[in-house]
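Notes for the one structure printed next.
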Amino acid sequence: MNNGTASAVSRAYFKGTIASPGRSVPWLVETFNYSISGGLEPRESQSWSLAPNQFSDWGKVEPPKDAIFTVAVERLDGADYKPLFDAGSFTERDATRLTALETKYAQ
297 MNNGTASAVS RAYFKGTIAS PGRSVPWLVE TFNYSISGGL EPRESQSWSL APNQFSDWGK
357 VEPPKDAIFT VAVERLDGAD YKPLFDAGSF TERDATRLTA LETKYAQ
């Protein structure tokens with residue numbers, strides 16, 4: 297993982313998808329997270345080898361050989377363990393801003 301942010305990252309949250317080309321339904325879509333020992337400073341990179349928990353859905357799926365595993369970052373926590381980025385967060389402020397923009401551009 298490469299930290300392309302301007303802040304240190306203490307934990308990263310991901311959404312992993314296992315899918316086969318030509319299939320509309322993936323074999324598995326699940327989230328996972330990783331606590332980064334010592335954190336990851338801006339512009340630093342680390343390589344991780346993560347193994348699935350055999351008792352979770354990750355350990356139960358048996359995808360075919362043509363399956364592809366893709367990963368998307370869902371959230372990053374900073375050095376203070378508070379979210380720096382959260383793809384799933386839609387705040388009240390965001391809702392107010394969206395309403396204002398919809399009103400402005402709906403005319």
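Heads up, the sequence shown is in my numbering, so the first residue is 297 and it goes up one at a time. Here a beta-carbon is modelled for each residue, glycine too, at the ideal position from N, C-alpha and C.
Complete runs of the beta strand (DSSP E) confined to the region 317 to 390 [at least 3 residues]: 324 to 336, 364 to 374, 379 to 382
Could you name the residues of the same chain whose beta carbon sits closer than 8 Å to that of Q342, not counting the 5 residues immediately before and after it, in chain order? Position 46 of the sequence shown holds residue 342. M297, I332, L336.
Could you tell me whether the region 305 to 314 touches the region 365 to 384, where touching means 3 or more Cβ pairs closer than 8 Å? yes
Look at the alpha carbon of A383 and the alpha carbon of L346, and state the distance between them as a whole number of angstroms. Position 87 of the sequence shown, counted from the first residue, corresponds to residue 383. Position 50 of the sequence shown, counted from the first residue, corresponds to residue 346. Between A383 and L346, the C-alpha separation is close to 22 Å.
Just reading off the beta strand (DSSP E) that A304 is part of, what are its end residues? Numbered from 1 along the sequence shown, position 8 holds the residue referred to as residue 304. Run containing A304: none; DSSP gives neither H nor E here.
Decide if L372 is buried, meaning its Cβ has at least 16 other Cβ atoms within 10 Å, or exposed. Residue numbering aside, residue 372 sits at position 76 when the sequence shown is read from its first letter. L372 comes out buried.
Would you report the Cα separation of A302 and P379, rounded to the nearest angstrom? In the sequence shown, counting from the first residue as 1, residue 302 sits at position 6. In the sequence shown, counting from the first residue as 1, residue 379 sits at position 83. For A302 and P379, the distance between alpha carbons rounds to 14 Å.
Helix, strand or coil: how does DSSP classify A396 here? If you number the sequence shown from 1, residue 396 lands on position 100. Helix.
Would the beta-carbon of S405 fall within 8 Å of that of D362? In the structure displayed, the chain extends from 297 to 403; residue 405 sits before or after that span and is not available.
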